[in-house]
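These notes are about the structure you will find just below.
2 protein chains.
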Amino acid sequence: MKYTYFTPGPAELYPTFAAHLQTAMDEQLGSISHRSARFRDIYRHTDEQLRALMNIPATHGIFFTGSASEVWERLLLNCVEHESFHLVNGSFSRKCYDYAQALHKFAHLHEKPLGEGFDAAEVEIPEYAELVCLTHNETSAGVQMRPTDMHKLKRKYAQKLFCVDMVSSAPYPDLDFSLIDSAYFSVQKAFGMPAGLGVWIANQACLEKAERLQRYDSLTIGAHHNLPTLWKNYQTFETPATPNVLGIYLLGKIAEDLNRIGIETVRKETEEKARMLYRFAEGSDRYTPFVQQERHRSQTVVVLNTDGPAKGVMEAAKQQGMIIGSGYGKLKETQIRIANFPAVSVEQVSELIKVMQK
Amino acid sequence: MKYTYFTPGPAELYPTFAAHLQTAMDEQLGSISHRSARFRDIYRHTDEQLRALMNIPATHGIFFTGSASEVWERLLLNCVEHESFHLVNGSFSRKCYDYAQALHKFAHLHEKPLGEGFDAAEVEIPEYAELVCLTHNETSAGVQMRPTDMHKLKRKYAQKLFCVDMVSSAPYPDLDFSLIDSAYFSVQKAFGMPAGLGVWIANQACLEKAERLQRYDSLTIGAHHNLPTLWKNYQTFETPATPNVLGIYLLGKIAEDLNRIGIETVRKETEEKARMLYRFAEGSDRYTPFVQQERHRSQTVVVLNTDGPAKGVMEAAKQQGMIIGSGYGKLKETQIRIANFPAVSVEQVSELIKVMQK
Numbered sequence: 076m077k078y079t080y081f082t083p084g085p086a087e088l089y090p091t092f093a094a095h096l097q098t099a100m101d102e103q104l105g106s107i108s109h110r111s112a113r114f115r116d117i118y119r120h121t122d123e124q125l126r127a128l129m130n131i132p133a134t135h136g137i138f139f140t141g142s143a144s145e146v147w148e149r150l151l152l153n154c155v156e157h158e159s160f161h162l163v164n165g166s167f168s169r170k171c172y173d174y175a176q177a178l179h180k181f182a183h184l185h186e187k188p189l190g191e192g193f194d195a196a197e198v199e200i201p202e203y204a205e206l207v208c209l210t211h212n213e214t215s216a217g218v219q220m221r222p223t224d225m226h227k228l229k230r231k232y233a234q235k236l237f238c239v240d241m242v243s244s245a246p247y248p249d250l251d252f253s254l255i256d257s258a259y260f261s262v263q264k265a266f267g268m269p270a271g272l273g274v275w276i277a278n279q280a281c282l283e284k285a286e287r288l289q290r291y292d293s294l295t296i297g298a299h300h301n302l303p304t305l306w307k308n309y310q311t312f313e314t315p316a317t318p319n320v321l322g323i324y325l326l327g328k329i330a331e332d333l334n335r336i337g338i339e340t341v342r343k344e345t346e347e348k349a350r351m352l353y354r355f356a357e358g359s360d361r362y363t364p365f366v367q368q369e370r371h372r373s374q375t376v377v378v379l380n381t382d383g384p385a386k387g388v389m390e391a392a393k394q395q396g397m398i399i400g401s402g403y404g405k406l407k408e409t410q411i412r413i414a415n416f417p418a419v420s421v422e423q424v425s426e427l428i429k430v431m432q433k
Numbered sequence: 076m077k078y079t080y081f082t083p084g085p086a087e088l089y090p091t092f093a094a095h096l097q098t099a100m101d102e103q104l105g106s107i108s109h110r111s112a113r114f115r116d117i118y119r120h121t122d123e124q125l126r127a128l129m130n131i132p133a134t135h136g137i138f139f140t141g142s143a144s145e146v147w148e149r150l151l152l153n154c155v156e157h158e159s160f161h162l163v164n165g166s167f168s169r170k171c172y173d174y175a176q177a178l179h180k181f182a183h184l185h186e187k188p189l190g191e192g193f194d195a196a197e198v199e200i201p202e203y204a205e206l207v208c209l210t211h212n213e214t215s216a217g218v219q220m221r222p223t224d225m226h227k228l229k230r231k232y233a234q235k236l237f238c239v240d241m242v243s244s245a246p247y248p249d250l251d252f253s254l255i256d257s258a259y260f261s262v263q264k265a266f267g268m269p270a271g272l273g274v275w276i277a278n279q280a281c282l283e284k285a286e287r288l289q290r291y292d293s294l295t296i297g298a299h300h301n302l303p304t305l306w307k308n309y310q311t312f313e314t315p316a317t318p319n320v321l322g323i324y325l326l327g328k329i330a331e332d333l334n335r336i337g338i339e340t341v342r343k344e345t346e347e348k349a350r351m352l353y354r355f356a357e358g359s360d361r362y363t364p365f366v367q368q369e370r371h372r373s374q375t376v377v378v379l380n381t382d383g384p385a386k387g388v389m390e391a392a393k394q395q396g397m398i399i400g401s402g403y404g405k406l407k408e409t410q411i412r413i414a415n416f417p418a419v420s421v422e423q424v425s426e427l428i429k430v431m432q433k
């Protein structure tokens, strides 16, 4: 049976994925050298398409890693000498904080319970924090932080580096990269690709910080995928080590497809599908949206409390050919998570709602 | 035009690759959760097949990273408090040494010119070196170190951790994992897969070292893919972060294919094809093997000096549908590198030799 995956990543593959993969195989892209002109063209194309899609200016470079989790480490090693600051309201924002501690950074924490979100006005950032880690979409709880709040915070704390985790929402959030120094995502979420590639966007301010830290004997910015090395190779659209060439090619192709649709349309469709799901839950006596505040409700990962055992809902959906995500961790029993990525259409979301009604 | 890639990685895809990829797409493996039973079965299968193929005992775990280059960093962070020791005779063995320095380890160096190899008898390892980094196959120069020499060294320095770079030779070298503490490779070489997955084999001695270092405030073993976290997840065939699920599946399938052929046959064929290439060069007045000592000649990456410009040979081969590798770095003008991986058959090597004769 062929399923439709409404899981928050790995997720449903983008409808054009299989055709692009076939082209890549026909063109033997799995065998080409990562030091060839052909690869540099692929990197350049993906770079151009992502810039167009997400409005990334020339001040920022676009780099590839093995995963977004790897970026947590690269970012903390390269942009923090002593202190970082983290808004934490779920498992993934917490993992970034945990990484900072494992790397012996002094990590400041502003934490809220699962399901609650952050507004700019309530956030106080300690004086010596060098890097501010924000999460646009906390995948575990389905909570978003609005870009306008992120931008406000950066204006208030202009001297600090601001980084946005957009792992399970890119390219949806409309970030102003004249304010956001760094952002990152992985491809198995809203880009509808198999896992195995992380994307790290970082500006010259991040690079300068990394170059400064690199001169210190007292700490290391890492040897693999450190920012100065990534940046240097990026000047000729190369990578320090052999990257996931196929993944970079496929990402460029899917970004091109999304550009053809237009990012505004992609965003509107995302909001339309999210509205359908939240409205359905609000009008139902068997589901309720987990996140109370409407402004904090994620547009890309919809988390609902279930009246009965979540497992029953998931099983029923599966029998109809739809895989929905379980609640995260301890909330497995009483929650479901529905990914609302560009790979699933308004019609497919309607179908899912019909099945959930039964 | 469909080419045969004799490049030392990325390289020719293994003949069964496309069929396995199709199965993976049909089974929607690009969308499955890395926390699902299905993924754990995939990890278990790949683990079993690699163990059978490379004779890896239960004392060693098998972990996945984004690349083999990433493993250099993980290994040095997790297994070295102060000092490492490196046998260097080319660009890749040197990169590991460079990584050690970037991580502020005190890295001891025993270096030889490109094209020369190491024997056990000539190697003196400093007293305080904790980790010994050996390269089975130096891809840049086509030089191998024989496993028997590696085993001898370990017997002499039994208290030190021994690690083998088998990036461009695995599963060819017959390592005795009762002596070798750790080894690593990437999949775009002899396993005939697209790049984007590294494999790290490490034993309990490595784990114990990492656990000890993890308790120190004065250094970090890294936050992402550190050995204790990899090992903990490995107990249930999981990974700390979302891995390259598709790559792990495909690696297991190709390892299974190689097991069906039998590792002894794979090794014999490799040696047969290498013998054909070296004999041809020795009998030719236009090519000479770069590596003088027969015992140091790589079985998996054959490097030849060309009489005329290497570019001419490469162009002529390309017109016949064969892509051969250029010499590494400055040797681009006067050398060619021919990958001799299981993906190319005796017949294909014969064809290549015919073309090179012209």
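These protein sequence lines are chains A and B, in that order.
Heads up, the final residue of the first sequence is numbered 433 in my numbering, and it's a clean run with no missing numbers.
Heads up, the final residue of the second sequence is numbered 433 in my numbering, and it's a clean run with no missing numbers.
Positions of the beta carbon are idealized from the N, C-alpha and C atoms, including for glycine.
These figures come from a predicted structure and were not determined experimentally.
Contact check, residue i vs residue j, beta carbons under 8 angstroms
| i | j | result |
| --- | --- | --- |
| I398 (chain A) | Y89 (chain A) | no |
| H437 (chain B) | C208 (chain B) | Residue 437 (chain B) is absent from the structure shown; chain B starts at 76 and stops at 433. |
| A265 (chain A) | P85 (chain A) | no |
| N278 (chain B) | T134 (chain B) | yes |
| L302 (chain B) | L282 (chain B) | yes |
| H226 (chain A) | D251 (chain A) | yes |
| T317 (chain A) | A94 (chain B) | no |
| V376 (chain B) | N415 (chain B) | yes |
| A177 (chain B) | S261 (chain B) | no |
| Q374 (chain B) | V430 (chain B) | no |
| G165 (chain A) | E213 (chain A) | yes |
| Y259 (chain A) | V146 (chain A) | yes |
| E408 (chain A) | A392 (chain A) | no |
| I323 (chain B) | T98 (chain B) | no |
| M268 (chain A) | F92 (chain A) | yes |
| I200 (chain A) | K170 (chain A) | no |
| T381 (chain B) | Y362 (chain B) | yes |
Residue i - containing beta strand (DSSP E), residue span
| i | result |
| --- | --- |
| Q395 (chain A) | Premise fails: Q395 (chain A) is in no beta strand (DSSP E) and is neither H nor E. |
| T79 (chain B) | 79-81 |
| Y309 (chain A) | That residue, Y309 (chain A), is in no beta strand (DSSP E); its alpha helix (DSSP H) goes 302-309. |
| D122 (chain A) | That residue, D122 (chain A), is in no beta strand (DSSP E); its alpha helix (DSSP H) goes 112-129. |
| D256 (chain A) | Element bounds for D256 (chain A): n/a, residue is neither H nor E. |
Reduced DSSP secondary structure (H/G/I, E/B, other) of residue i
| i | result |
| --- | --- |
| Y403 (chain B) | coil |
| N380 (chain A) | strand |
| S159 (chain A) | strand |
| I413 (chain B) | strand |
| R372 (chain B) | strand |
| N278 (chain A) | strand |
| H109 (chain B) | coil |
| H460 (chain B) | Nothing can be reported for residue 460 (chain B), as the shown portion of chain B is limited to 76 through 433. |
| A356 (chain A) | helix |
| I200 (chain A) | coil |
| S168 (chain A) | helix |
| T314 (chain A) | coil |
| D224 (chain B) | helix |
| Q432 (chain B) | helix |
| D249 (chain B) | coil |
Beta-bridge partners of residue i, as assigned by DSSP
| i | result |
| --- | --- |
| H185 (chain A) | A:L162 |
| E213 (chain A) | A:V218 |
| T140 (chain A) | A:G273 |
| Y362 (chain A) | A:T381 |
| D240 (chain B) | B:T210, B:Y259 |
Enclosing alpha helix (DSSP H) for residue i [first to last residue]
| i | result |
| --- | --- |
| H179 (chain B) | Here H179 (chain B) belongs to no alpha helix (DSSP H), and DSSP marks it neither H nor E. |
| Y291 (chain B) | No alpha helix (DSSP H) holds Y291 (chain B); DSSP gives it neither H nor E. |
| D332 (chain B) | 320-336 |
| M268 (chain A) | Element bounds for M268 (chain A): n/a, residue is neither H nor E. |
| Q234 (chain A) | Per DSSP, Q234 (chain A) belongs to no alpha helix (DSSP H) and is neither H nor E. |
| M100 (chain B) | 92-101 |
Cβ-heavy atom distance, residue i to the ligand GTP, below 7 angstroms
| i | result |
| --- | --- |
| V155 (chain B) | Looking for the ligand GTP in the displayed structure turns up nothing, as the structure carries no ligands at all. |
Contacting positions in the stretch 130-151 of chain B - beta carbon closer than 7 angstroms to chain E: The chain inventory of the structure shown lacks chain E, comprising the protein chains A and B.
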